[in-house]
Each structure stands twice: as C-alpha cells, then as structure tokens.
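Chemist:
There are 4 protein chains.
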Amino acid sequence: MIKVTIWNENRHEQTNPDVKEIYPGGIHNAIAGFLKEDFEVTTATLDEPEHGLTEEVLNNTDVLIWWGHLAHDDVQDEIVERVRNRVLDGMGFIPLHSAHGSKIFHVLMGTRTGELKWREADDTERLWVVDESHPIVDGLPDMIEIEKEEMYGERFGIPQPEELIFISWFSGGEVFRSGCTYKRGKGKIFYFRPGHETYPTYYQKEIQKVIRNAVKWAAPNPRSPKIHLGNVEPLEAIK
Amino acid sequence: MIKVTIWNENRHEQTNPDVKEIYPGGIHNAIAGFLKEDFEVTTATLDEPEHGLTEEVLNNTDVLIWWGHLAHDDVQDEIVERVRNRVLDGMGFIPLHSAHGSKIFHVLMGTRTGELKWREADDTERLWVVDESHPIVDGLPDMIEIEKEEMYGERFGIPQPEELIFISWFSGGEVFRSGCTYKRGKGKIFYFRPGHETYPTYYQKEIQKVIRNAVKWAAPNPRSPKIHLGNVEPLEAIK
Amino acid sequence: MIKVTIWNENRHEQTNPDVKEIYPGGIHNAIAGFLKEDFEVTTATLDEPEHGLTEEVLNNTDVLIWWGHLAHDDVQDEIVERVRNRVLDGMGFIPLHSAHGSKIFHVLMGTRTGELKWREADDTERLWVVDESHPIVDGLPDMIEIEKEEMYGERFGIPQPEELIFISWFSGGEVFRSGCTYKRGKGKIFYFRPGHETYPTYYQKEIQKVIRNAVKWAAPNPRSPKIHLGNVEPLEAIK
Amino acid sequence: MIKVTIWNENRHEQTNPDVKEIYPGGIHNAIAGFLKEDFEVTTATLDEPEHGLTEEVLNNTDVLIWWGHLAHDDVQDEIVERVRNRVLDGMGFIPLHSAHGSKIFHVLMGTRTGELKWREADDTERLWVVDESHPIVDGLPDMIEIEKEEMYGERFGIPQPEELIFISWFSGGEVFRSGCTYKRGKGKIFYFRPGHETYPTYYQKEIQKVIRNAVKWAAPNPRSPKIHLGNVEPLEAIK
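Keeping their order, the protein sequence lines are chains A, B, C and D.
First residue of the first sequence? That's 1 in my numbering, and the numbers climb one at a time after it.
First residue of the second sequence? That's 1 in my numbering, and the numbers climb one at a time after it.
First residue of the third sequence? That's 1 in my numbering, and the numbers climb one at a time after it.
First residue of the fourth sequence? That's 1 in my numbering, and the numbers climb one at a time after it.
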C-alpha cells in the first residue's frame with residue numbers, strides 16, 4: 001500500500017477564523033480524509049520538531065504532499081535538503097497551490113519565488129484537460145469548474161512542464177498551467193494549482209480524484225534500477 | 001534573405017462578400033503585405049496548377065505559411081507529400097488558424113482532423129505569453145488581446161508541443177494552446193491560432209510581429225549537417 | 001486483465017531457415033510466450049484476412065505490439081487507418097525494432113521511412129537506462145547488454161521523444177535512441193529497438209521485462225475523460 | 001554585438017604542468033581566442049574579487065560560459081545567486097564539461113552534484129548529432145570524433161533535456177547526453193560535455209564551432225516581453 005505523508009504549514013488555520021471554519025482540522029486532515037481509504041496516510045506540520053519530517057518519516061514515505069503559504073521562510077534549509085534528496089532518490093512529490101513559492105519547489109525546479117500573477121477576488125476557475133492519456137485524469141470530466149478560487153495567472157516562472165495536464169481559465173481574464181509534471185532523479189513531481197485556504201476546494205470530488213490519481217502516478221517504482229555512479233572501469237569484451 | 005511562400009486556399013475571398021471586404025486581395029496578400037519588407041515573398045493558391053507549389057517553388061522556399069479552411073480535401077495527396085518531404089528536408093512551416101485541419105498538418109503531426117472545440121460568436125481572445133525566452137515573442141507585450149475572434153477550445157488533438165509559447169483565453173470560457181512549436185526532420189514548425197477569415201486579425205500589429213518572428217525562427221540552418229543514412233560500415237580505430 | 005494483441009509480419013519465419021530455427025512458432029508466439037502469464041494475449045499476422053486486425057479484434061485490444069520488416073508495403077492503408085484511429089482513441093502501441101519502418105509508425109510520428117543507419121555485423125549492443133523514474137525500467141539493471149544484434153545508428157528520423165528511456169551503445173561506434181515514448185490522442189506509444197529476426201533477443205529476460213513493463217504502462221486509462229469536440233455554446237455563468 | 005564572459009576556475013593551469021602546457025593562458029583564454037572574432041569577449045576567474053563576476057560585469061554579459069572542476073565549493077553562494085538571477089532575467093548560460101558539478105548548474109537544474117560515471121583513460125569520444133534542425137549544429141558534420149577524452153557515462157543526473165542535440169559514444173562502452181538545452185525564466189542554457197583539462201579539446205575546430213553556435217543561440221531576445229507579476233486587477237471588458 002502506498003505510503004503518503006501530507007505536510008501542511010498549518011498556520012492560517014490557527015489565526016484566520018474563516019480558514020478554521022472551512023478546515024477545522026487543518027488542510028492536512030481534510031486531504032487525509034479522502035486519501036486514507038486508498039493509501040496509508042500520515043500528516044506532518046511546520047511546528048512539529050523537524051517540521052515532522054524526520055529521516056524516519058521520509059524514509060517511510062512514498063509520496064509527499066506539500067501545502068504551504070505564509071511561512072515558506074520558516075522551513076529550515078536542512079529539512080529542504082533532506083526532502084530534495086528523498087525526491088531525487090524516488091519519493092513522489094505533490095506541491096499544491098501556494099507551494100509554488102516554497103523553498104523545496106524552487107530547489108527542485110531551479111527557479112525563484114513569486115513569479116506569477118495572483119488575485120483574491122472570487123474568480124471562477126475552469127481546469128481544462130489537455131492530456132487525456134494521462135493516468136492523472138482517469139475518471140474525470142474534460143473540465144473541472146471551481147465556482148470561486150484565488151486567481152493565478154501566467155507567466156508562471158516554471159521550467160516548461162514535461163507533461164502539461166491541465167490549463168486553467170479564470171473569469172477575470174487569465175490562464176494558468178495548473179497541472180504540471182516533472183521528473184528529478186528517480187522522483188516524480190506533480191504541481192497542482194487549486195486550493196486557496198479561504199475556499200472549500202479540497203472538498204470538491206473532482207479535485208480529490210486528481211490528487212488521488214496523482215499519488216498513484218507519483219509513487220516510486222518498487223524495484224528501481226541500482227545506478228552505478230562515479231569512477232568506473234571500461235566495460236570488457238568489445239568484440 | 002529568407003524566402004517565404006504564403007499559401008492560401010483563397011476560396012472564402014471569392015464567395016463571401018464579408019471576407020472579400022476585409023481581405024480584398026486575399027489573406028495571402030494581406031500577409032505578404034507586412035512580410036515583404038523583411039523577406040523575399042511569393043504567394044501560391046489552391047486553384048493554381050499544382051496549387052502553386054511546384055518542385056521549383058518549394059525548392060526556392062525557406063519558410064512556407066499555410067492558410068486553408070473549406071477545401072482541405074481539394075489539396076492533392078501528391079502535393080501534400082511534396083510539402084512534407086520539403087519540411088523534413090529543412091523548410092520551415094507555419095500553419096495558421098484553420099490549417100490545423102489541413103492534410104499536411106495531420107501528416108506532420110500524426111493526428112487526425114477536427115479535434116477541437118470551436119464557436120463563431122465574437123469571443124474576445126487573449127494570447128498569454130508562457131515562454132518569454134523564445135525568439136518568437138521578441139518585441140511583444142506579455143499578452144495580445146484580439147477584440148473579436150472565432151473561439152478554438154481544448155482538448156486540441158495535437159501531440160504535446162515541443163515548446164508551448166502562447167495560451168489563449170476566450171471570453172466564452174475556454175482555453176487553447178495557440179502557439180506551438182515542433183520539429184520534424186530538419187524542419188521547424190510553428191502552429192499559430194489566430195486568423196479567422198471574417199475578422200481583420202492579420203492587420204493587427206502584434207499578430208504581424210509574431211508571424212514575422214516565426215519566419216525568422218523557422219528558417220533552416222544555412223549549413224545543416226549532411227546526415228549519412230542506410231547501411232554503414234563499422235567505424236574504425238576503436239582503441 | 002490487460003488485453004494484448006501481438007502482430008507479426010511472420011514472413012522471415014517462413015522463408016529463412018535461420019530465423020525459423022530461432023523462432024519456430026514465429027516471433028509473435030515467442031513474445032506471447034512470456035506475456036501470457038500476466039496478460040490476456042492473442043496474436044495476428046499479415047497473411048490473415050484483414051491482417052488479423054478486424055474491427056472486433058482491435059476493439060478488444062488494450063495494447064498492440066507490432067513487428068514488421070520486409071513487407072511494410074503489403075499492409076493495407078485501410079488497416080493502417082483503423083489502427084491509427086484505435087491508438088488515438090486510447091489503445092497502447094508498442095512498435096518493435098524494424099517496425100520503425102512500418103506505415104503505421106510513420107503515420108503516427110509524422111515522419112518517413114528508412115531514416116537511420118544500420119548494419120548486420122554481430123555488434124554488441126548496450127542499452128543504458130537514462131530515465132530511472134520510469135515504470136518501464138522497473139526491475140531492470142542500469143544497463144542491458146545484448147551480445148549480438150543488428151546495429152541501428154543515429155540520426156534516427158523521429159520526432160524528439162517525449163520521454164527518452166534507453167540509449168544504445170554499439171561496438172561498431174554508433175549510438176541510438178532505443179526506448180522512446182510518445183502520446184497521440186488518448187494513446188500511449190513506446191518504441192523499443194531490439195529484436196532483429198536473426199538473433200534470439202526476445203528470449204533474453206531483461207528484454208522480456210521491458211516489454212512486459214511497457215504493456216502495463218501503455219494500457220489505456222479505464223475511465224478516460226469523454227472529450228466534447230466540435231461546435232459548442234459559450235459556458236454560462238461568467239461572473 | 002553579443003557580449004560573452006568566459007568564466008574559468010583557472011586552478012589546474014596553475015598547479016598541473018600538463019594542463020599548463022596545453023592551456024598556457026588558461027582555458028578561458030583558449031576559448032576567448034576563437035570567440036573574439038565574432039563576439040565582444042571578456043574573461044573572469046575564481047581568484048579575482050567576486051570571482052570576477054561583479055554586478056557590473058554580469059549586467060554587461062549576454063552569454064556566460066562556465067568552466068570549473070576542482071573548486072566548485074570555493075564559489076561563494078552570493079555570486080551563485082547573482083548568476084542565477086541574471087540567467088532567469090535573460091542571460092544565456094553555457095556550462096562546459098565538469099561544470100555539471102558546479103553550484104550554479106545544480107541551482108538551475110534542481111539536481112545535485114556528482115551524478116554520472118567517469119573515467120580518465122584516453123577513451124575515444126564520438127558526438128552524434130540527434131537534432132539536425134538546431135542552430136547549434138549549423139555547419140557541423142553529423143558526428144564529431146575526439147581522439148582522446150575523459151569518459152562521462154549515463155545515468156547523468158539531469159532533468160530531461162528540453163532539446164537533446166548530441167549523444168556521445170565512448171570506446172570503453174558508455175553513452176552520454178552531451179549537448180542539452182534548457183530554459184529557465186528568460187534565460188537559455190546549453191550544457192556541452194567535452195573539454196577535460198588534460199586534453200586539447202578546445203583547439204578542435206568542430207568543438208569551437210559548437211560553442212560559437214551556442215553563444216548565438218543562447219543570446220537573449222533584444223526586446224523580451226515585460227512580464228507583469230504579482231497582485232493584479234481583473235482585465236476589463238469581458239463581453
């Protein structure tokens with residue numbers, strides 16, 4: 001059974017009554033709620049020791065989901081490095097929404113923070129499927145409508161996605177590459193845009209299905225090749 | 001000087017007075033009008049012998065621009081094959097708008113015709129730049145607004161673009177991958193969406209700039225490597 | 001259970017005693033032999049009516065494996081079109097070795113036949129894994145050595161692979177992109193190089209594992225989104 | 001005229017007589033020697049103040065070439081950040097050979113150091129062109145042979161190249177993705193493998209041509225779009 005760790009900054013939920021009302025147990029528990037049927041799920045938050053991401057936790061994680069926003073800078077560099085190494089060694093990684101601004105996302109992408117447009121104005125969002133062959137869209141309609149969401153607009157400062165799966169349309173006039181896959185080392189990464197803390201997005205069935213599919217896709221190969229690196233002898237037997 | 005041939009079906013202009021009013025000399029001459037300052041430009045149309053695309057014309061073409069819509073099926077397979085071979089041998093190719101449904105586009109893409117949504121309802125279109133490093137966006141703003149255009153919507157049945165340069169937003173609620181590059185053999189291809197025949201899109205300065213930039217980008221290498229194919233001897237001198 | 005159809009030209013096996021000795025039941029049955037434990041397998045060959053690829057057969061196929069060489073031109077265009085449509089509608093497709101020259105491969109790639117180097121001289125081939133995160137390499141070593149094989153050398157006239165999984169080294173001095181994925185419509189495609197008819201390549205365990213993994217990867221989504229195409233009304237409720 | 005800055009660690013040249021004999025003025029001056037006809041060239045080295053990469057120098061650089069090996073860790077993080085920001089803002093970047101292990105390469109790629117095979121054993125290297133449409137291969141043969149070089153072998157721990165231009169074959173049995181392009185923000189990146197300090201590789205005409213072509217390709221757009229980021233108002237005039 002795939003082992004999922006859901007990491008959440010968990011700060012808005014403590015300080016903003018509106019967010020607390022929507023996600024009384026925190027965003028991490030809302031996500032755990034719909035994943036625990038299919039996967040072995042644990043959670044971790046910023047204010048735990050080592051942000052809840054000890055070596056032991058990460059070594060027992062197949063796929064790490066990440067939600068952060070306000071406090072990206074409070075994440076210790078040492079933990080960021082630890083997470084990065086686990087991704088390169090095969091752990092799947094699913095940054096959600098404002099995790100585009102997290103240290104770990106930038107370290108893996110080779111980019112810098114804050115490179116997009118945004119607006120909190122109850123835009124309607126429509127996520128159009130552009131890669132219908134991908135396992136992440138299994139069981140979805142060809143468009144997901146979210147009645148109200150924060151807007152994110154291009155140009156989004158990411159490397160060209162290896163696979164572009166969703167493009168969002170916003171009622172205020174913008175578009176966004178909302179579902180993007182990357183590989184780094186043995187690890188698979190899926191960035192998924194929706195999920196501002198002041199909207200009940202993670203209760204929407206199609207959004208849950210995307211995240212569930214993404215966990216399955218991002219789980220590492222059970223028997224990934226052992227790669228030999230460093231100084232090597234010539235192979236013999238050239239005929 | 002780069003040699004451009006602009007191919008146009010040139011049928012709407014003969015039969016639809018509204019189109020004739022907008023493009024009295026045909027779409028091909030409207031495009032030639034803004035390209036001829038920078039390039040050596042000729043035009044060709046469907047009803048000429050060999051559709052105006054003789055071996056001699058194609059051998060003297062660095063970049064071929066293609067506009068077709070009503071009469072894709074009237075293009076002879078032999079000419080399609082001739083164009084394909086020239087693209088594989090290095091000629092740049094710029095299919096515009098409804099050329100997504102042309103035989104030559106499908107032959108080069110590996111897809112089939114008609115796979116998109118569309119609507120003629122005076123939608124506003126906004127083309128957002130998503131690849132700001134690309135020479136095709138040089139000198140552009142970060143968004144091109146076209147007041148009224150035909151809508152094209154996803155899922156667009158194309159292979160994943162090698163470079164995605166523009167994404168369109170439409171006021172009616174759809175998105176579209178509007179500027180896409182591909183390579184086939186030695187040839188570079190740029191699909192560009194705008195330009196329905198009932199709107200004066202090709203008179204808009206930013207649209208002209210995109211096409212001008214695309215011609216420069218798609219022009220072949222002057223001294224492309226001579227590739228040796230077929231049955232070969234082993235290379236000697238393995239130490 | 002994934003339904004696999006293995007298509008083989010099955011001509012060398014009739015006319016060349018050396019090939020018959022290696023593959024007495026034909027290449028298709030050699031491949032069926034190692035796939036049938038995990039999948040529901042049937043075979044089809046060129047000389048059957050409709051080449052064994054009736055509408056019914058294809059509609060009951062999740063993944064089609066293709067081996068052809070001598071007789072690419074004997075495959076009827078109508079069947080090629082039928083196969084292409086099934087791929088675009090979601091059937092996985094795995095062309096092996098000289099299937100790079102088949103009509104169906106070119107129709108899906110947008111290329112033309114014969115664009116590579118080759119040599120029949122008992123080269124040693126080494127397939128190096130370059131994408132260790134991919135499910136197709138699960139359970140493999142980081143290099144597969146085939147003692148003797150036909151050489152294929154670059155430049156291989158394919159579109160840039162969407163994922164490049166293996167690169168081959170040949171003792172005579174060449175390299176080749178030996179494991180390449182593409183998507184076309186809802187269908188996933190994996191080209192895999194090894195398997196010249198005069199060598200017992202399909203009996204090698206690692207080669208069998210690659211093909212087995214590829215079948216799992218190429219199988220279609222069970223519930224792929226229903227895509228709405230054609231003329232559409234504007235979406236309502238733009239706020 | 002394109003402004004090129006060539007950065008060199010310049011340590012081997014001081015301490016290893018063999019290297020000094022091959023590159024008496026340092027690798028940076030050998031490269032400057034063949035670039036100065038076509039470009040405005042300056043050089044910078046590790047032991048200069050700020051490693052020779054002041055704000056002023058970088059702001060006057062269109063394309064930065066980077067050669068480093070022994071002393072990657074001696075490059076200050078502050079300068080690495082400065083270089084990264086200039087790349088994201090449009091400066092071209094050409095890391096050569098062992099620059100794959102530099103901090104700046106990893107920061108831009110999202111990877112970590114040392115992930116490849118290597119051997120110093122006078123292997124013969126052959127770089128095969130696999131993307132014949134690319135401006136970087138203009139004027140080249142379809143294969144470049146280097147009589148003796150250090151071997152680099154896969155798996156190379158890089159993100160999948162956006163364009164793969166060269167694949168190397170080594171006489172000892174390995175392959176390597178030797179010419180790879182990426183984009184980050186407005187900046188274009190070309191990694192090029194050859195150039196171990198104990199071989200006279202940078203005197204070879206074809207290698208010089210590759211680097212010259214790469215500088216032209218990596219130079220930024222003269223008038224790159226001004227991208228508006230951050231909090232934005234809705235666009236008006238939705239019809």
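Just so you know, even glycine gets a beta-carbon here, dropped at the ideal spot from N, CA and C.
For chain D, is any of its Cβ atoms less than 7 Å away from the one on P234 (chain B)?
Modeler: So, not an interface residue.
Chemist: At 3 residues or longer, what runs of the beta strand (DSSP E) sit wholly inside the stretch 181-205 of chain B?
Modeler: The stretch 181-205 of chain B contains these whole beta strand (DSSP E) runs: 187-192.
Chemist: Since E162 (chain A) meets chain D, which of its residues come closer than 7 Å, beta carbon to beta carbon?
Modeler: Those within 7 Å of E162 (chain A) in chain D are Q160.
Chemist: Could you round the C-beta distance between E242 (chain B) and R119 (chain B) to whole angstroms and report it? I think they count as a contact, below 8 Å.
Modeler: Since the displayed chain B opens at 1 and closes at 239, residue 242 (chain B) lies outside it and no answer follows.
Chemist: Please classify D47 (chain C): does DSSP put it in a helix, a strand, or coil?
Modeler: In the structure shown, D47 (chain C) sits in coil (DSSP, three-state: anything other than H, G, I, E or B).
Chemist: What does a CB cutoff of less than 6 Å around W66 (chain C) pick up in its chain, not counting 5 residues either side in sequence?
Modeler: Excluding sequence neighbours, W66 (chain C) sits near W7, P95, A99.
Chemist: Does R84 (chain C) get closer than 7 Å to chain A when you measure Cβ to Cβ?
Modeler: R84 (chain C) does not count as touching chain A.
Chemist: So is the beta-carbon of E206 (chain C) under 6 Å away from any non-hydrogen atom of the ligand MG?
Modeler: In the structure shown, the ligand MG is absent, as is every other ligand, since no ligand is present at all.
Chemist: Check E40 (chain A) in the structure and name its three-state DSSP category.
Modeler: Here E40 (chain A) sits in strand by DSSP.
Chemist: The beta strand (DSSP E) that contains G153 (chain C), what's its start and end?
Modeler: Unbroken beta strand (DSSP E) run through G153 (chain C): 143-153.
Chemist: Quick one: what does DSSP say L64 (chain A) is sitting in, helix, strand or coil?
Modeler: The answer is strand: DSSP assigns L64 (chain A) an E or B state.
Chemist: Please report the distance separating the alpha-carbon of H51 (chain C) from that of K20 (chain C).
Modeler: The straight-line gap from Cα to Cα measures roughly 21 Å.
Chemist: Helix, strand or coil for V129 (chain B), going by three-state DSSP, please let me know.
Modeler: If DSSP states are grouped into helix, strand and coil, V129 (chain B) belongs with the strands.
Chemist: Kindly say whether M91 (chain A), judged by its beta-carbon, lies nearer than 7 Å to any beta-carbon of chain D.
Modeler: Answer no: the Cβ-Cβ gap between M91 (chain A) and chain D never drops below 7 Å.
Chemist: Give a yes or no on whether 7 Å exceeds the smallest Cβ distance from V137 (chain D) to chain B.
Modeler: With 7 Å as the cut-off, V137 (chain D) counts as an interface residue toward chain B.
Chemist: Between which two residues does the beta strand (DSSP E) containing P95 (chain C) stretch?
Modeler: Here the beta strand (DSSP E) through P95 (chain C) covers 92-95.
Chemist: With a 10 Å radius around its C-beta and 16 neighbouring C-beta atoms as the bar for buried, classify K36 (chain B) as buried or exposed.
Modeler: Exposed: under 16 other Cβ atoms inside 10 Å.
Chemist: Output yes if chain B places a C-beta closer than 7 Å to the C-beta of D142 (chain D); else output no.
Modeler: Chain B, which has a Cβ nearer than 7 Å to the Cβ of D142 (chain D), makes this yes.
Chemist: Identify the continuous beta strand (DSSP E) that holds E13 (chain A) and give its terminal residues.
Modeler: Where E13 (chain A) is concerned, there is no enclosing beta strand (DSSP E), although the alpha helix (DSSP H) it sits in stretches over 12-15.
Chemist: For T271 (chain B), which residues does DSSP report across the bridge?
Modeler: The question about residue 271 (chain B) has no answer, for chain B in this structure spans 1 to 239.
Chemist: Within a Cβ cutoff of 7 Å, which residues of the same chain sit near K239 (chain A), ignoring the five residues on either side of it in sequence?
Modeler: For K239 (chain A), the pLDDT reaches just 41, beneath the cut-off of 50, and the residue's location in the model is therefore unreliable, although a value from the coordinates is still provided. There are no such residues.
Chemist: Measuring only the C-alpha atoms, how far is E145 (chain C) from I2 (chain C)?
Modeler: Computed Cα separation, rounded: 29 Å.
Chemist: Can you name, in chain order, every residue of its own chain whose Cβ lies under 7 Å from the Cβ of R184 (chain B), other than the five neighbours on each side?
Modeler: Here the set comprises V87, L88, L108.
Chemist: Straight-line CA distance for A263 (chain D) to F176 (chain D)?
Modeler: There is no way to answer for residue 263 (chain D), as the model of chain D reaches only from 1 to 239.
Chemist: Taking buried to mean at least 16 other C-beta atoms within 10 Å of its own C-beta, is H28 (chain B) buried or exposed?
Modeler: Per the 10 Å Cβ criterion, buried.
Chemist: Contact criterion: CB-CB distance below 7 Å. Does S224 (chain B) meet it with respect to chain D?
Modeler: At least one chain D Cβ lies under 7 Å of S224 (chain B).
Chemist: Does the stretch 188-197 of chain D come close enough to the stretch 101-116 of chain B that 3 or more CB-CB pairs lie under 8 Å?
Modeler: The stretch 101-116 of chain B vs the stretch 188-197 of chain D: no contact.
Chemist: Taking all protein chains shown into account, do 16 or more other C-beta atoms lie within 10 angstroms of the C-beta of T15 (chain A), making it buried, or fewer, making it exposed?
Modeler: The residue in question, T15 (chain A), is exposed, as its Cβ has fewer than 16 Cβ neighbours within 10 Å.
Chemist: Checking contacts by CB at 7 Å: is G68 (chain A) closer than that to chain D?
Modeler: Judged by the 7 Å Cβ criterion, G68 (chain A) is not in contact with chain D.
Chemist: Can you pull the chain B neighbours of S133 (chain D), defined as C-beta to C-beta under 9 Å?
Modeler: Residues of chain B passing the Cβ test: G90, K183, R184, G185, K186, G187, K188, P220, N221, S224.
Chemist: Express the C-alpha separation of A219 (chain B) and L58 (chain A) in angstroms, rounding to a whole number.
Modeler: Distance between the alpha carbons of L58 (chain A) and A219 (chain B) is about 50 Å.
Chemist: With DSSP collapsed to three states, give me the class of V107 (chain A).
Modeler: In the structure shown, V107 (chain A) sits in a helix (DSSP, three-state: H, G or I).
Chemist: Report, in whole angstroms, the separation of the C-beta atoms of H134 (chain C) and E163 (chain C), which I expect to be a contact under 8 Å.
Modeler: Contact flag correct, Cβ pair sits at about 6 Å.
Chemist: Measuring CB to CB, does E13 (chain C) end up less than 7 Å from G26 (chain C)?
Modeler: In this structure, G26 (chain C) lies closer than 7 Å to E13 (chain C) by Cβ.
Chemist: For G114 (chain A), count neighbouring Cβ atoms within 10 angstroms of its own Cβ and tell me buried if that reaches 16, exposed if not.
Modeler: Exposed, since its Cβ has fewer than 16 Cβ neighbours within 10 Å.
Chemist: Can you have a look at L154 (chain B) and say buried or exposed, based on whether 16 or more other CB atoms are within 10 angstroms of its CB?
Modeler: Before going on, a small fix: residue 154 (chain B) reads as Glu here, not Leu. E154 (chain B) should be labelled buried.
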